[in-house]
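**Student:** Below you will find the structure I want to go over with you.
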Amino acid sequence: MQSTVPATFKTSGAPVTPPAPPVDAWRSMTIGTMATAPIHELLTTLGVRLVEVDPGELAADGIVGYFSGRVGDAEIQIERSLPQADRESVVRDLLARIRPEEQTYTKRSLTGPRLRPAMVGGKPVHIECPSWCYLDHVAENEGFLVDVYHCGDTVSLMAPRMGGAAQPVLHARLNADSFGTDVAHQAPHVIVDDETEFAHMTPEQAREFASNLEAFAAQVRAMAEQAAGR
Ligand SMILES: [Zn+2]
2 MQSTVPATFK
12 TSGAPVTPPA
22 PPVDAWRSMT
32 IGTMATAPIH
42 ELLTTLGVRL
52 VEVDPGELAA
62 DGIVGYFSGR
72 VGDAEIQIER
82 SLPQADRESV
92 VRDLLARIRP
102 EEQTYTKRSL
112 TGPRLRPAMV
122 GGKPVHIECP
132 SWCYLDHVAE
142 NEGFLVDVYH
152 CGDTVSLMAP
162 RMGGAAQPVL
172 HARLNADSFG
182 TDVAHQAPHV
192 IVDDETEFAH
202 MTPEQAREFA
212 SNLEAFAAQV
222 RAMAEQAAGR
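If you're matching positions, the sequence shown starts at 2 in the working numbering and goes up one per residue.
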């Protein structure tokens with residue numbers, strides 16, 4: 002049985018060394034630590050309060066867990082009635098999203114993404130993965146959680162040409178850097194690229210781009226008719 006006295010405390014109770022500031026502790030944390038360290042240790046180290054709310058308070062909105070705050074000062078809310086078996090994965094998942102910057106995150110139960118196995122830094126974990134993501138997160142085996150991203154199938158715009166086979170000139174795909182440090186790229190978005198330039202588009206921007214493509218297509222068709230008419 003392990004001693005419950007923190008190793009950093011002398012028998013007198015005086016701290017030997019002050020604990021690392023939460024942000025430094027967070028930076029030095031590996032995905033392995035996040036996945037395997039006891040929950041109460043992670044909460045203490047990262048300065049997160051675990052608040053148990055009344056049964057139904059979150060579920061009424063389809064929420065299974067709620068996170069708000071930043072490293073050193075944050076709160077996770079779960080329902081008191083959340084089964085012990087689910088509790089750990091929900092809290093770990095919310096803890097994995099903690100950043101030095103203030104943010105809120107809602108983990109939904111029914112409409113939420115599926116949990117899929119992944120390898121991160123050589124360690125097996127489970128991550129939330131949107132239904133459109135086709136990546137094999139085990140095979141990808143990214144070194145760090147911040148490098149894990151979700152990616153949909155690529156569609157390509159083909160250009161036929163004289164004296165050769167048709168070649169793609171544009172590609173588009175769904176993407177989400179869910180664990181990345183660039184907040185704007187965390188939500189699902191569309192990437193359009195010509196293999197040199199990569200344009201990340203919000204859903205609204207992707208709609209605008211699609212309209213531009215339709216106008217472009219109409220002009221190309223008109224040119225084709227002109228060329229055909231000589
Ligand atoms: Zn994925």
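Beta carbons are placed, not taken as given, at the ideal position from N, Cα and C, and that holds for glycine.
Kindly indicate the opening and closing residues of the beta strand (DSSP E) around Thr107.
**Tutor:** As a working note, residue 107 is residue 106 in the sequence shown. Counting along the chain, the beta strand (DSSP E) containing Thr107 begins and ends at 104-109.
**Student:** Within 8 angstroms: the Cβ of Ile128 and any heavy atom of ligand 1?
**Tutor:** Indexing the sequence shown from 1 puts residue 128 at position 127. Yes.
**Student:** Who are the Cβ neighbours of Tyr106 in its own chain at under 6 angstroms, not counting the five residues just before and after it?
**Tutor:** Here the question's residue 106 lines up with position 105 in the sequence shown. Same-chain partners within the cutoff: Phe68, Arg98.
**Student:** Can you tell me whether Asp178 is buried or exposed, with buried defined as 16 or more other CB within 10 angstroms of its CB?
**Tutor:** In the sequence shown, counting from the first residue as 1, residue 178 sits at position 177. By the 10 Å Cβ count, Asp178 comes out buried.
**Student:** Under the rule that 16 or more other beta-carbon atoms within 10 Å means buried, what is Gly164, buried or exposed?
**Tutor:** One-based indexing of the sequence shown puts residue 164 at position 163. Classification of Gly164: exposed, given that the 10 Å Cβ count is below 16.
**Student:** State the DSSP-derived secondary structure class of Glu196, mapped to helix, strand or coil.
**Tutor:** As a working note, residue 196 is residue 195 in the sequence shown. Three-state DSSP puts Glu196 in coil, outside helix and strand.
**Student:** Looking at His190 and ligand 1, is the gap between the Cβ and the nearest heavy atom below 8 angstroms?
**Tutor:** Numbered from 1 along the sequence shown, position 189 holds the residue referred to as residue 190. It does not: the Cβ of His190 is nowhere closer than 8 angstroms to a heavy atom of ligand 1.
**Student:** Name the two residues that bound the continuous alpha helix (DSSP H) containing His138.
**Tutor:** Indexing the sequence shown from 1 puts residue 138 at position 137. 138-141 is the extent of the alpha helix (DSSP H) around His138.
**Student:** Nearest-angstrom Cα distance between Pro23 and Asp74?
**Tutor:** For the purposes of this step, residue 23 is taken as residue 22 along the sequence shown, with counting starting at 1. For the purposes of this step, residue 74 is taken as residue 73 along the sequence shown, with counting starting at 1. Roughly 9 angstroms separates the two Cα atoms.
**Student:** Can you list, in chain order, the residues of its chain with a C-beta nearer than 8 angstroms to that of Ala219? Leave out the 5 residues immediately preceding and following it.
**Tutor:** On the sequence shown, position 218 is the one that residue 219 refers to. Here the set comprises nothing.
**Student:** For Glu129, list the residues DSSP reports as bridge partners.
**Tutor:** Locating residue 129 in the sequence shown gives position 128, counting from the first residue. Beta-bridge pairing links Glu129 to Leu116.
**Student:** Gly123 and Tyr150 look like a contact to me (Cβ under 8 angstroms); what is the Cβ gap, rounded to whole Å?
**Tutor:** Taking the first residue of the sequence shown as 1, we reach residue 123 at position 122. Taking the first residue of the sequence shown as 1, we reach residue 150 at position 149. The pair is not a contact, with the Cβ atoms about 18 angstroms apart (cut-off 8 angstroms).
**Student:** To the nearest whole angstrom, what separates the beta carbons of Ala36 and Val126, a pair I think is in contact under 8 angstroms?
**Tutor:** For this step, residue 36 is matched to residue 35 along the sequence shown. For this step, residue 126 is matched to residue 125 along the sequence shown. Confirmed, Cβ separation roughly 5 angstroms.
**Student:** Sorted by chain position, which residues of the same chain lie with C-beta nearer than 6 angstroms to Gly144's C-beta, five sequence neighbours on each side aside?
**Tutor:** Counting from 1 along the sequence shown, the entry for residue 144 is found at position 143. Around Gly144: Gly122.
**Student:** Which residue marks the beginning of the beta strand (DSSP E) containing Arg71, and which one marks its end?
**Tutor:** Here residue 71 is taken as the residue at index 70 of the sequence shown, counted from 1. From DSSP, the beta strand (DSSP E) with Arg71 extends over 64-71.
**Student:** Write down the C-beta distance between Val235 and Leu59 rounded to the nearest angstrom, noting that I regard them as a contact closer than 8 angstroms.
**Tutor:** Examination of residue 235 is not possible in this model, given that the chain is present from 2 through 231 alone.
**Student:** Return yes when the C-beta of Pro125 is under 8 angstroms from any heavy atom of ligand 1, and no when it is not.
**Tutor:** Numbered from its first residue, the sequence shown carries residue 125 at position 124. No, the Cβ of Pro125 stays beyond 8 angstroms of every heavy atom of ligand 1.
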